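I have placed the structure first, in the form of structure tokens, so that the comments after it can refer back to it.
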Amino acid sequence: RERLSLPAEKKIILCIGSLDYARKGNKIIAEALPLFDSQDVILCCVGRVSEAHKENPSIVHLGYISDSDKMRDAYNAADVFVLPTMADNLPNTIVESLLCGTPVVSYGVGGVTEQVNDRNGLLVHDRRPGSMASALDSFFADQSNYDRQSIAREAQEQYAVSKAVDKHVNLYHEILSMDLTDVVNAD
């Protein structure tokens, strides 16, 4: 937190992308912020600075981050990463967050449901700001239940490059061993 000039005493919610970006749903986080039970929470945003939220003291804008070490610092500084995406398949930002051991709160859409579970975060199903605020309040109330080292270890196992390569090789072997005579003679 010190390297990013973020307060040590605040709870930090990290989001990536402009608060105006509709598909990623970040606007909902900004709308949920004043609804939290605790006001010792700040929203830390990576990406384009939203003009509408530029002067909000509860929102810290880190701007664009292209340096992977600095991005890792942002994930590690956060108590939770939030991605209120409206549609996504397998968001890299969730993979990155989990690899850093940072729990995730996201909507239960698409491939997100395969990434987020009760050991590494929460899925929200109602897309209203109040529901997001309630989910984050629940997360902070139970934050000690999320073991960051276990989250990182499980993510390293799940998203290891060697595992993906092995799956592809096995798929190729399976395809090559198939009897394709029915397909060839289909004309």
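This note's numbering numbers the first residue of the sequence shown as 134 and each following residue consecutively. Each residue gets a CB set at the ideal place from its N, CA and C atoms; glycine is no exception. If you're wondering where the values come from, they're calculated on a predicted model, not measured in any experiment.
Do residue j and residue i have their beta-carbon atoms positioned less than 9 Å apart in this structure?
{"i": "G103", "j": "R181", "result": "Examination of residue 103 is not possible in this model, given that the chain is present from 134 through 320 alone."}
{"i": "D206", "j": "R136", "result": "yes"}
{"i": "V245", "j": "L216", "result": "yes"}
{"i": "C148", "j": "L176", "result": "yes"}
{"i": "M204", "j": "V179", "result": "yes"}
{"i": "L256", "j": "S239", "result": "yes"}
{"i": "S199", "j": "L166", "result": "no"}
{"i": "L231", "j": "A285", "result": "yes"}
Taking buried to mean at least 16 other C-beta atoms within 10 Å of its own C-beta, is residue i buried or exposed?
{"i": "L309", "result": "exposed"}
{"i": "Q276", "result": "exposed"}
{"i": "G254", "result": "buried"}
{"i": "S201", "result": "exposed"}
{"i": "H186", "result": "buried"}
{"i": "L195", "result": "buried"}
{"i": "M283", "result": "Sequence check: residue 283 is Ser here, not Met. It is exposed - the Cβ of S283 has fewer than 16 other Cβ atoms within 10 Å."}
{"i": "G158", "result": "buried"}
{"i": "E290", "result": "exposed"}
{"i": "P236", "result": "buried"}
Reducing DSSP to helix, strand and coil, say where residue i ends up.
{"i": "K296", "result": "helix"}
{"i": "V302", "result": "helix"}
{"i": "G263", "result": "helix"}
From which residue to which residue does the alpha helix (DSSP H) around residue i run?
{"i": "V245", "result": "V245 to Q248"}
Where do the ends of the beta strand (DSSP E) carrying residue i lie?
{"i": "G196", "result": "I192 to G196"}
{"i": "L176", "result": "V174 to V179"}
### Task
Please determine if the stretch 267-275 and the stretch 294-301 are in contact, where contact requires at least 3 C-beta pairs separated by less than 8 Å.
no
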